[in-house]
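S.K.: Read in the working numbering, the sequence shown has 63 at position 60, and its numbers run on one by one without any break.
Glycine included, C-beta positions come from ideal geometry on N, C-alpha and C.
One structure follows; several queries about it will come next.
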Amino acid sequence: MVKAYLRYEPAASFGVIASVDSNIAYDSSGKHLLSPALEKIGVWHVRQGLCTKTLAPTSSSRGPSLAVTSIASSSSSLIAAGYGDGSIRIWDSDKGTCETTLNGHKGAVTALRYNKAGSLLASGSKDNDVILWDVVGENGLFRLRGHRDQVTDVVFISSGKKLVTSSKDKFLRVWDLDTQHCMQIVGGHHSEIWSLDIDLDERYLVTGSADKELRFYAIRHESVDGESVNGAEEESSVQNKWDVLRHFGEIQRQSKERVATVQFNKSGNLLACQVAGKTVEIYRVLDDAEAKRKAKRRVHRKKEKKHSKDALEGIENGDENKEKKGDNSSVTHGPIETSYPTVTVPDVFKLLHTIRASKKICSISFCPITPKNTLASLALSLNNNLLEFYSIEHGETKQTLAIDLQGHRSDVRSVALSSDNSFLMSTSHNAVKIWNPSTGSCLRTIDSGYGLCSLILPSNKYGLVGTKDGTIEIIDIGSGTCLEVIEAHGGSVRSIAALPHKNGFVTGSADHDVKFWEYQIKQKPGQAAKQLIVSNVSAMKMNDDALVVAISPDAKYIAVALLDSTVKVHFADTFKFFLSLYGHKLPVLCMDISSDGDLIVTGSADKNIKIWGLDFGDCHKSIFAHADSVMAVQFVPKTHYVFSVGKDRLVKYWDADKFELLLTLEGHHADIWCLAVSSRGDFIVTGSHDRSIRRWDRTEEQFFIEEEKEKRLEEMFEADLDNAFDNKYASKEEIPEEGAVALAGKQSQETLTATDLIIERLDIAEAEQKRIAEHQEEKNNRNVAVFQANPLMNGLSPSDYVLSAFSDVHSNDLEQTLLALPFSDALKLLSYLKDWSSYSDKVELVCRIGTLLLQTHYNQLLSTPAARPILTVFSDIFYERVKGWKDIFGFNLAAMDHIQQMMASRSDALFHDAKSKLIEIRTRQSKRLEERSDTGEVKRKKKKT
4 MVKAYLRYEP
14 AASFGVIASV
24 DSNIAYDSSG
34 KHLLSPALEK
44 IGVWHVRQGL
54 CTKTLAPTSS
64 SRGPSLAVTS
74 IASSSSSLIA
84 AGYGDGSIRI
94 WDSDKGTCET
104 TLNGHKGAVT
114 ALRYNKAGSL
124 LASGSKDNDV
134 ILWDVVGENG
144 LFRLRGHRDQ
154 VTDVVFISSG
164 KKLVTSSKDK
174 FLRVWDLDTQ
184 HCMQIVGGHH
194 SEIWSLDIDL
204 DERYLVTGSA
214 DKELRFYAIR
224 HESVDGESVN
234 GAEEESSVQN
244 KWDVLRHFGE
254 IQRQSKERVA
264 TVQFNKSGNL
274 LACQVAGKTV
284 EIYRVLDDAE
294 AKRKAKRRVH
304 RKKEKKHSKD
314 ALEGIENGDE
324 NKEKKGDNSS
334 VTHGPIETSY
344 PTVTVPDVFK
354 LLHTIRASKK
364 ICSISFCPIT
374 PKNTLASLAL
384 SLNNNLLEFY
394 SIEHGETKQT
404 LAIDLQGHRS
414 DVRSVALSSD
424 NSFLMSTSHN
434 AVKIWNPSTG
444 SCLRTIDSGY
454 GLCSLILPSN
464 KYGLVGTKDG
474 TIEIIDIGSG
484 TCLEVIEAHG
494 GSVRSIAALP
504 HKNGFVTGSA
514 DHDVKFWEYQ
524 IKQKPGQAAK
534 QLIVSNVSAM
544 KMNDDALVVA
554 ISPDAKYIAV
564 ALLDSTVKVH
574 FADTFKFFLS
584 LYGHKLPVLC
594 MDISSDGDLI
604 VTGSADKNIK
614 IWGLDFGDCH
624 KSIFAHADSV
634 MAVQFVPKTH
644 YVFSVGKDRL
654 VKYWDADKFE
664 LLLTLEGHHA
674 DIWCLAVSSR
684 GDFIVTGSHD
694 RSIRRWDRTE
704 EQFFIEEEKE
714 KRLEEMFEAD
724 LDNAFDNKYA
734 SKEEIPEEGA
744 VALAGKQSQE
754 TLTATDLIIE
764 RLDIAEAEQK
774 RIAEHQEEKN
784 NRNVAVFQAN
794 PLMNGLSPSD
804 YVLSAFSDVH
814 SNDLEQTLLA
824 LPFSDALKLL
834 SYLKDWSSYS
844 DKVELVCRIG
854 TLLLQTHYNQ
864 LLSTPAARPI
874 LTVFSDIFYE
884 RVKGWKDIFG
894 FNLAAMDHIQ
904 QMMASRSDAL
914 FHDAKSKLIE
924 IRTRQSKRLE
934 ERSDTGEVKR
944 KKKKT
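This is the structure we're talking about:
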């Protein structure tokens, strides 16, 4: 009889506040901060300091490939998130749902940016390509190729008509999105460009690299009459007539580390430069009027300094100099004074503050809403799983909030469950945390030493933590305090194991000692409440470092894993030697004994797990379990099923009787250090180097070993096929064509499956049409039986049956799906477009299918006489339907425009032109200030003369 097993599946992940692979970003409201948490995005309410929502992909694809690598928020509630597998998901932050998934990149997404309207999205990737996406139409427009290394940042300029991209190849590229070509390449950087940004008015573009300075470029805009308007004064030359970016200057940075992010705030009056270290430099951005006044003062000071120097030289030289001066009195010194001196970078950008964080900064984000009495609010994500918020004022910067309680600052080194599974204790390098494993909420945080192992006592009131310093810390779980620190060992405490049916536990240490302890709850003299009293009963000296200790369920044997790669089994009462388990090539890092005491399983740094009989010490089976060191093994209580975790990021489920691998669970993004199985075996908890704690629940779904084996083989085969396809058609170290444009989509298993489905349905529909025609002929000749439709078509007509094949094809995948169609099938598909165009909701789909097929098979269609009648019919219908919908949209837009004008005429309040009118008022004020300063200077000069 074939045995069925119950499946374990990932249920929850908690403990990660901000992962290091991606940037943070505020949403459009400024109330929430979007923070990457491995494959999820946490939506944090800044004022409350709580995670209100989690945006997690429901896809069943492999965990590690889904790490979030880039986040961008639009002017609406939509959020774009790029992932490690090259996919982009568009999320609605209000609803918490994934609106669409865009597949186009072959490498991790490294840069995302919306245009101001939020209708277009530009993405850059490790595959060196830039793709422009239509967010409304949910499809890729085109791919821009030209960079020869990873794209690091993208930004829209000229009202979204142009795109500037930066790369590790040390070049900036300016792309014209209307003509889809590269119109300018900007060099000059000596190292990789990591970030770029533009200010609100699009006057300046700033780039950050590993160079010692920040580089600034003036942006040339085209006015309505075709003349160029520049952010700074432009030198007229033929060479830069078509250049969008003109080098404006540099400013020296304070830090020596490379730039990670440069970012202007929403109002454009501040610039933040975050380096790959612990500092953020904040620069004040002056407007044009202030910059010109500063430039005038600079020139004036320079002249005064020069005059004083000349006067000093004249006094020193005496009469001789006077004679020379008298002869040359008509000669003027230096350039003629101009009313508007040239504005330089230091005139516009002035260092205001330097923020120093406690740890290395991963990313920064300005709040789009400026709080009262401050210049801006800045959020920082640190590499120790921490979010900090700073308020920037004229005189100082101060930290306003830190989100740190919901996760460990470093690796989760051990996890322990209470006997009733109601709470979980985890340890790291400086803290112990108590969690609710069902909700993932952090209940207590207790400062501690570097905890390597932990244990919750059966009463569930106290916890024990063994530290790297050789101490045992007694934790009161209820009050969240450390009651006592016991100096237990001379070396680090590597393992703690409870003694069954006794008030005691055993510790193993690097000082070669295995110690037995007893605990009692007593009232100490001078104290009102009872406390846990721990005392050392006995000790057993070993020949080497004790790495792991395990006690048999009947408390008869104690097994100790030593640094010499052996496991020594002794009698627990007399310490007499019983067995030596020898076979591992490297030290045993973990072990466990089954509930019935028959089996002991050991996991080692040699990547193997071995299953031994505890009666004779014979090795039942040695299994190559993981691709790296096995860090933890544990039996499911009252069974011979074993869980193992390793540094290869995998959790594996084994049958120790059949020596079979049952399941492989993926999800962690780094080495897994520890494992805890619930007392009923209904869930397990794992802790990792990625600082996450994950819960895996047992479901009611049954599976069989043979089915799982077949599934794993299929996955391996598909992965090999994908790799072979990529390698076959990938360019072999080919330098991309200068500013080349390509299709935005990516061929995948889904697009090939969709193509096969369309071809299959075209064949079935063609056969059905023949049957209908034959039946019609027979019907005309004589009376025949009622026509029996093909049951596969579910009662649909041949035309509708083919159309239904497109219902599951994603808008973004349509292009690649149709590209794989042979010409004969494409011709069949074109013949159905006339019938489909009668459906009003399918006009857009019909237009897209028709346009794509015409573009792909243009030459063959021209030379195929059979295609002409199809194309003639299609062209008439196509134009008529599209014009009809265009007229409807035009009418609706005109009506909305009319309603807007009516509302504006009835009310004194400004409508959508408020922003432009505000800019006009500011420019007028700045001109008045300039005129006043100019007249003041003229009056002062007249007084001097």
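Using a 10 Å radius around the Cβ and a threshold of 16 neighbouring Cβ atoms, would you call Gln-752 buried or exposed?
M.R.: Gln-752 comes out exposed.
S.K.: For Leu-799, which of helix, strand or coil comes out of DSSP?
M.R.: Note: Leu-799 maps to coil in three-state DSSP.
S.K.: Excluding the 5 residues flanking Glu-488 on each side, which residues of the same chain have their C-beta closer than 6 angstroms to its C-beta?
M.R.: A small fix is needed here, since residue 488 is Val in this sequence, not Glu. The answer, listed in chain order, is Thr-474, Glu-476.
S.K.: What is the rounded straight-line gap between the Cα of Glu-236 and the Cα of Arg-935?
M.R.: Any reading at Glu-236 must be qualified, since the residue scores a pLDDT of 45, below 50, and its modelled position is unreliable; no value is offered.
S.K.: Excluding the five sequence neighbours on either side, which residues of its own chain have a C-beta within less than 6 angstroms of the C-beta of Asp-660, listed in chain order?
M.R.: For Asp-660, where only same-chain residues beyond five positions count, the Cβ hits under 6 angstroms are His-643.
S.K.: Taking the DSSP output, what are the residues bridged to Met-594?
M.R.: Paired residue(s): Thr-605.
S.K.: Can you check the stretch 481 to 548 for any alpha helix (DSSP H) of at least 4 residues that lies completely inside it and give the ranges in chain order?
M.R.: The stretch 481 to 548 contains no whole alpha helix (DSSP H) run of 4 or more residues.
S.K.: So, do the stretch 408 to 419 and the stretch 301 to 318 have three or more beta carbon pairs nearer to each other than 8 angstroms?
M.R.: Result no; under three Cβ-Cβ pairs closer than 8 angstroms.
S.K.: What does Leu-584 pair with, by DSSP beta-bridge criteria?
M.R.: Answer by DSSP bridge pairing, in chain order: Val-570.
S.K.: Asp-322: buried (16+ other C-beta within 10 angstroms of its C-beta) or exposed?
M.R.: Unreliable positioning characterises Asp-322 in this predicted model, as indicated by a pLDDT of 49, which lies under 50. The coordinate reading is nonetheless provided below. Exposed.
S.K.: Mapping the DSSP letters down to three states, classify Leu-855 as helix, strand or coil.
M.R.: Helix.
S.K.: Compute the Euclidean distance between the alpha carbons of Thr-820 and Ser-90, then round it to the nearest angstrom.
M.R.: Cα-Cα distance, rounded: 17 angstroms.
S.K.: Which whole-angstrom value describes the C-beta separation of Val-744 and Gln-183, a residue pair presumed to lie in contact below a C-beta threshold of 8 angstroms?
M.R.: So it is a contact: roughly 5 angstroms between Cβ atoms.
S.K.: Three-state secondary structure (DSSP) at Asn-106?
M.R.: Three-state result, Asn-106: strand.
S.K.: Relative to the C-alpha of Cys-445, which candidate in Gly-452, Ser-451, Lys-436 has its C-alpha closest?
M.R.: The shortest Cα separation from Cys-445 among Gly-452, Ser-451, Lys-436 belongs to Lys-436.
S.K.: According to DSSP, simplified to helix, strand and coil, what is Gly-949?
M.R.: Nothing about residue 949 can be read from this structure; the chain reaches only from 4 to 948.
S.K.: Can you say whether Phe-251 is buried or exposed, counting buried as having 16 or more other CB atoms within 10 angstroms of its CB?
M.R.: The residue is buried, with at least 16 neighbouring Cβ atoms inside 10 Å.
S.K.: Kindly indicate which three-state DSSP category Gly-690 falls into: helix, strand or coil?
M.R.: Correct three-state label for Gly-690: strand.
S.K.: Measuring alpha carbon to alpha carbon, tell me which residue in Leu-865, Pro-825, Val-885 is nearest Asp-844.
M.R.: Checking every option, the nearest Cα to that of Asp-844 belongs to Val-885.
S.K.: Give the straight-line distance between the Cα atoms of Asp-179 and Thr-72, rounded to the nearest whole angstrom.
M.R.: Looking at the two C-alpha atoms, the distance is approximately 27 angstroms.
S.K.: Give a yes or no on whether the C-beta atoms belonging to Gly-511 and Leu-566 are separated by under 8 angstroms.
M.R.: No, the Cβ-Cβ distance between Gly-511 and Leu-566 is not below 8 angstroms.
S.K.: Going by the beta-carbon positions, is the gap between Cys-677 and Ala-635 smaller than 8 angstroms?
M.R.: Their beta carbons are under 8 angstroms apart, which means Cys-677 touches Ala-635 by this criterion.
S.K.: Sort Leu-381, Gly-466, Ala-263 by Cα distance to Leu-273 and report the nearest one.
M.R.: Minimum Cα distance to Leu-273 is reached at Leu-381.
S.K.: Determine the direct distance from the alpha carbon of Glu-141 to that of Thr-104, and round the result to whole angstroms.
M.R.: Thr-104 and Glu-141: Cα-Cα distance of roughly 8 angstroms.
S.K.: May I have the straight-line CA-CA distance separating Ser-16 from Phe-574, to the nearest angstrom?
M.R.: In a straight line, the C-alpha of Ser-16 is about 41 angstroms away from that of Phe-574.
S.K.: Given this structure, state the Cα-to-Cα distance separating Arg-116 from Val-157, to the nearest angstrom.
M.R.: Taking the straight line joining both Cα atoms gives about 6 angstroms.
S.K.: Which of the three DSSP states, helix, strand or coil, is assigned to Thr-758?
M.R.: It is helical.
S.K.: Among the residues of its own chain, which have a CB less than 8 angstroms from the CB of Leu-795, if the five just before and after it don't count?
M.R.: Cβ neighbours of Leu-795 beyond the five flanking positions: Ile-767.
S.K.: Tell me which residue opens and which closes the alpha helix (DSSP H) that Asn-895 is part of.
M.R.: From DSSP, the alpha helix (DSSP H) with Asn-895 extends over 870 to 909.
S.K.: Run through the stretch 281 to 315 for me and flag every whole beta strand (DSSP E) of 3 or more residues, listed as ranges in chain order.
M.R.: Whole beta strand (DSSP E) segments, 3+ residues: 282 to 288.
S.K.: For Lys-930, which residues from the same chain have a beta carbon less than 8 angstroms from its beta carbon, with the 5 sequence-adjacent residues on both sides left out?
M.R.: Closer than 8 angstroms at Cβ, skipping near neighbours: Ala-292.
S.K.: Excluding the five sequence neighbours on either side, which residues of its own chain have a C-beta within less than 6 angstroms of the C-beta of Asp-548, listed in chain order?
M.R.: Ala-513, Leu-566.
S.K.: Do you know how far the Cα of Val-262 is from the Cα of Glu-253?
M.R.: Near 14 angstroms, if we compare the C-alpha coordinates of Val-262 and Glu-253.
S.K.: According to DSSP, is Trp-47 helix, strand or coil?
M.R.: Note: Trp-47 maps to strand in three-state DSSP.
S.K.: Excluding the five sequence neighbours on either side, which residues of its own chain have a C-beta within less than 6 angstroms of the C-beta of Pro-13, listed in chain order?
M.R.: Around Pro-13: Gly-670, Trp-699.
S.K.: Count the other CB atoms, across all protein chains shown, that sit within 10 Å of the CB of Val-334; report buried if there are 16 or more and exposed otherwise.
M.R.: The predicted position of Val-334 is uncertain, since its pLDDT is 38 and thus under 50; a value taken from the coordinates is nonetheless stated next. Val-334 is exposed by the Cβ-count criterion.
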